[in-house]
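Trainee: Line order of the protein sequences matches chains G and E.
So for the first sequence, my numbering puts the first residue at -18; every next one is plus one.
So for the second sequence, my numbering puts the first residue at -18; every next one is plus one.
Just so you know, even glycine gets a beta-carbon here, dropped at the ideal spot from N, CA and C.
This is the structure I have questions about; it appears just below.
There are 2 protein chains.
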Amino acid sequence: MAIPYTDLRERKHPYRLMHDVYVQLDYGDRVVLNHYGLTTTQYRLLNLIDPAKGLRLTKLSERLLRSKSQITRTIVALGQMGLVRSLHDGSDGRAQLVTLTRKGEKLRNQANKEHAISLQARFSFLTTSERKTLVGLLDKLQHGMAKYLEVE
Amino acid sequence: MAIPYTDLRERKHPYRLMHDVYVQLDYGDRVVLNHYGLTTTQYRLLNLIDPAKGLRLTKLSERLLRSKSQITRTIVALGQMGLVRSLHDGSDGRAQLVTLTRKGEKLRNQANKEHAISLQARFSFLTTSERKTLVGLLDKLQHGMAKYLEVE
DNA sequence: GAAAAGTAGTTGCGAACGCAACTAAATGGT
DNA sequence: ACCATTTAGTTGCGTTCGCAACTACTTTTC
């Protein structure tokens, strides 16, 4: 993939910047996670699961902002790799609880280490206080938009 | 187990927030652009073209952060809709210049109007000065990461 | 000025994804 | 109890996309 490029004429648009930064983040992640044979969605999914409790598909779908069908397929793929296992949820015959296998937990921890280093490097261009400000603004934007899209 | 900065389960992580905000932005765009039968990439592409001069596929690829093959396919689709037209670039036998048709220019302007209104609403949860700060931080992050990914 | 290296764009292929329609189980109203 | 509605998850299908391999043209090198 080509290294992302920025058109200087338009680069100050928040909409465009969000897009470009996201694409860059995604690209950097893919490079790292490729070492572990994981897609970004698979990696994010593994990190949402508490191995002791497990998690339902619907919950995963909400947290990952992916369709339920996509979660089903991701779980199947991770299952075939031996990283997750699905258990019946006793309290609800329709539901299933996805848990990590020993192998899954181990891989997740390894990937987390490398990912943390890479992420640290990529965010190192912002100071701690800048990062804090960014988080605050994004959080505000996120909540505002969530409300807006709901009402609409 | 607590990796201080990188635990993705942390809701306030800038990485996670970037993802969530991006998904929301993208979703909002799809809703608006659907009225015009355009995908977000198609819409962004139309907006990069100067109807008087045209633009090469490679340039479009760089500016849109999409692969050249994807640009080829997008151009084909837009061509079939009668929104763009490809001309030979006299100065280079390999290249072609993509230009807007009258119809494409008209549609772009209409879509721009509605998109601007929607975007305004979605960003209205931030004050002007907050937006400015956000732009500054994202811009810094974007440039830093671009440099980081290049060296890699 | 011929061979090598680089660049513009295309095509084949498979991966990730959303949506709509579906099954099966749970819930709620009457 | 019974039927309607909701909810958990799956499947079929079409779309967007990146990558690798390719053609055709251009630039560089010797």
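#1: With 16 other CB atoms within 10 Å as the buried threshold, where does Thr55(G) fall?
#2: Would you say Gly60(G) reaches chain E, if we count a Cβ-Cβ gap shorter than 8 Å as a contact?
#3: Here's a check: name, in chain order, each residue in its chain whose Cβ is nearer than 6 Å to the Cβ of Asp1(E), leaving out the five neighbours to either side.
#4: With Leu118(E) and Thr114(G) assumed to form a contact (beta carbons below 8 Å), what rounded beta-carbon distance in angstroms separates them?
#5: Check whether the Cβ of Asp1(G) lies closer than 8 Å to any Cβ atom in chain E.
#6: When the Cα atoms are used, what is the spatial distance from Leu81(E) to Met(-1)(G)?
#7: Could you spell out the range, first to last residue, of the alpha helix (DSSP H) harbouring Thr22(G)?
#8: Whose CA, out of Lys40(G), Asn28(G), Lys121(G) and Tyr3(G), lies closest to the CA of Met126(E)?
#9: Going along the chain, which residues of its own chain have a beta-carbon closer than 7 Å to the beta-carbon of Thr39(G), five neighbours each way excluded?
#10: Please list the terminal residues of the continuous alpha helix (DSSP H) segment that includes His96(E).
#11: Nearest CA to the CA of Thr22(E): which residue from Glu43(E), Lys34(E), Gln77(E) and Ser105(E)?
#12: Using C-beta distances below 7 Å, list every residue in its chain close to Asp7(E), excluding the 5 sequence neighbours before and after it, in chain order.
#13: Going along the stretch 85 to 117 of chain E in order, which residues come within less than 8 Å of chain G, judged by CB to CB distance?
#14: Please list the terminal residues of the continuous alpha helix (DSSP H) segment that includes Ser42(G).
#15: Kindly indicate which three-state DSSP category Ser50(E) falls into: helix, strand or coil?
#16: Can you tell which of Lys121(E), Ala92(E) and Arg83(E) has the C-alpha that lies nearest to the C-alpha of Phe104(G)?
#17: In angstroms, rounded to a whole number, what distance separates the CA positions of Gln91(E) and Val13(E)?
#18: Report, in whole angstroms, the separation of the C-beta atoms of Leu29(E) and Leu41(E), which I expect to be a contact under 8 Å.
#19: What residues are listed by DSSP as bridge partners for Leu68(E)?
#20: Within its chain, find whatever has a CB closer than 6 Å to the CB of Arg37(G); leave out the 5 residues flanking it on each side and keep chain order.
#21: Would Gln5(G) and Gln123(E) qualify as a contact pair, given that the criterion is a beta-carbon distance under 8 Å?
#22: Residues in its own chain within less than 6 Å of His96(E) by CB, not counting five upstream and five downstream?
#23: If you measure from the beta carbon of Val57(G) to each beta carbon in chain E, is any gap under 8 Å?
Mentor: The relevant details are as follows:
#1: Position 74 of the first sequence holds residue 55(G). Result: buried.
#2: The residue labelled residue 60(G) in the question sits at position 79 within the first sequence. No, no contact with chain E.
#3: As a position in the second sequence, residue 1(E) is number 20, starting the count at 1. Excluding sequence neighbours, Asp1(E) sits near nothing in its chain.
#4: Working through the second sequence from its first residue, we reach residue 118(E) at position 137. Working through the first sequence from its first residue, we reach residue 114(G) at position 133. About 7 Å; that satisfies the 8 Å criterion.
#5: The residue given as residue 1(G) occupies position 20 in the first sequence. Yes, contact with chain E.
#6: Here the question's residue 81(E) lines up with position 100 in the second sequence. Here the question's residue -1(G) lines up with position 18 in the first sequence. If you take the alpha carbons of Leu81(E) and Met(-1)(G), they lie about 26 Å apart.
#7: The residue labelled residue 22(G) in the question sits at position 41 within the first sequence. Looking at the DSSP string, the run of the alpha helix (DSSP H) that includes Thr22(G) is Thr21 to Leu29.
#8: Start at 1 with the first residue of the second sequence, and residue 126(E) comes out as number 145. Measuring from the Cα of Met126(E), the nearest candidate turns out to be Tyr3(G).
#9: The residue labelled residue 39(G) in the question sits at position 58 within the first sequence. Contacts found: Lys49.
#10: For the purposes of this step, residue 96(E) is taken as residue 115 along the second sequence, with counting starting at 1. Counting along the chain, the alpha helix (DSSP H) containing His96(E) begins and ends at Arg83 to Phe104.
#11: Position 41 of the second sequence, counted from the first residue, corresponds to residue 22(E). It is Glu43(E) whose Cα lies nearest to the Cα of Thr22(E).
#12: The residue given as residue 7(E) occupies position 26 in the second sequence. Correct list, in chain order: Thr21.
#13: Leu100, Ala102, Arg103, Phe104, Ser105, Phe106, Leu107, Glu111, Arg112, Thr114, Leu115 and Val116
#14: For the purposes of this step, residue 42(G) is identified with residue 61 of the first sequence, where counting begins at 1. Unbroken alpha helix (DSSP H) run through Ser42(G): Leu38 to Leu45.
#15: Counted from its first residue, the second sequence places residue 50(E) at position 69. Three-state result, Ser50(E): helix.
#16: As a position in the first sequence, residue 104(G) is number 123, starting the count at 1. With distances taken between Cα atoms, Phe104(G) lies closest to Lys121(E).
#17: Taking the first residue of the second sequence as position 1, residue 91(E) is located at position 110. Taking the first residue of the second sequence as position 1, residue 13(E) is located at position 32. Answer to the nearest angstrom: the Cα atoms are 11 Å apart.
#18: Taking the first residue of the second sequence as position 1, residue 29(E) is located at position 48. Taking the first residue of the second sequence as position 1, residue 41(E) is located at position 60. Yes, Leu29(E) and Leu41(E) are in contact; Cβ-Cβ is about 6 Å, under 8 Å.
#19: Working through the second sequence from its first residue, we reach residue 68(E) at position 87. The partner list for Leu68(E) (beta bridge, DSSP) reads Leu78(E).
#20: Here the question's residue 37(G) lines up with position 56 in the first sequence. Around Arg37(G): Ala76.
#21: Start at 1 with the first residue of the first sequence, and residue 5(G) comes out as number 24. Start at 1 with the first residue of the second sequence, and residue 123(E) comes out as number 142. Going by C-beta atoms, Gln5(G) is nearer than 8 Å to Gln123(E).
#22: Taking the first residue of the second sequence as 1, we reach residue 96(E) at position 115. Taken in chain order, the residues that qualify are Val13.
#23: Position 76 of the first sequence, counting from 1, holds the residue named residue 57(G). Val57(G) does not count as touching chain E.
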